[in-house]
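For reference, the structure is listed below as structure tokens.
In this note's numbering, the protein residues as written are -7 to 153.
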């Protein structure tokens, strides 16, 4: 992200003396397009810039300075945010490269599964199969199942002559 490096060139410390409101406006004009990567920071920066300009023009110099400091702080926050995103995207790219280390075969075989599937998954599958089998036996032997679902035994009578 070349925006971050460019923003760092324009970075100021809170309390920086711009000398005049025109210098502040020129700085804002250079910085604001660089904040495009973060809409939140761009929007808040625009509000702080507008507030500084308005308060300066109505004669409230201290409020204008406070809003200028807020704009400087927003730029500093955007730089930290941009660096964080850059680091996170680099880590994510590294993780994706590492995770693509397993080569999947064209046909998944039992031998391949034994080599690549963790033991905990095999144990979970075995426990599930045993639980279903045991539940089937219990239900099959229950009185409810015996009474309602098994065919009644037919009594066959034979006639003897």
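For glycine and all other residues, C-beta sits at the position ideal for the given N, C-alpha and C.
What you are looking at is a predicted structure, and each value in this text was computed from that prediction instead of being measured.
In this chain, residue 10 is not harboured by any alpha helix (DSSP H), its DSSP state being neither H nor E.
The three-state reading of DSSP puts residue 96 in coil, since its state is none of H, G, I, E or B. Pairwise C-beta distances place the segment 22 to 33 in contact with the segment 58 to 71, as three or more of them are shorter than 8 Å. For residue 19, the closest alpha carbon among the candidates 55, 54, 151, 64 is that of 64. Taking residue -1 as the centre and dropping the five residues before and after it, the same chain places the C-beta of 23, 26, 27, 67, 70, 71, 74 closer than 8 Å to its C-beta, in chain order.
Between the segment 78 to 85 and the segment 44 to 58, the count of Cβ pairs shorter than 8 Å is below three; the stretches do not touch. Spatial neighbours of residue 7 in its own chain (CB-CB distance under 7 Å, excluding positions within 5 residues in sequence) are listed in chain order as 61. In the three-state reduction of the DSSP assignment, residue 81 falls in the helix class, which pools H, G and I. Collapsing the DSSP output to three states places residue 116 in a helix.
In the three-state scheme derived from DSSP, where H, G and I count as helix and E and B as strand, residue 50 is classed as coil.
The Cβ-Cβ distance between residue 44 and residue 56 falls below 7 Å.
Residue 59 is classed as buried because its beta carbon has at least 16 other beta carbons within 10 Å across all chains shown.
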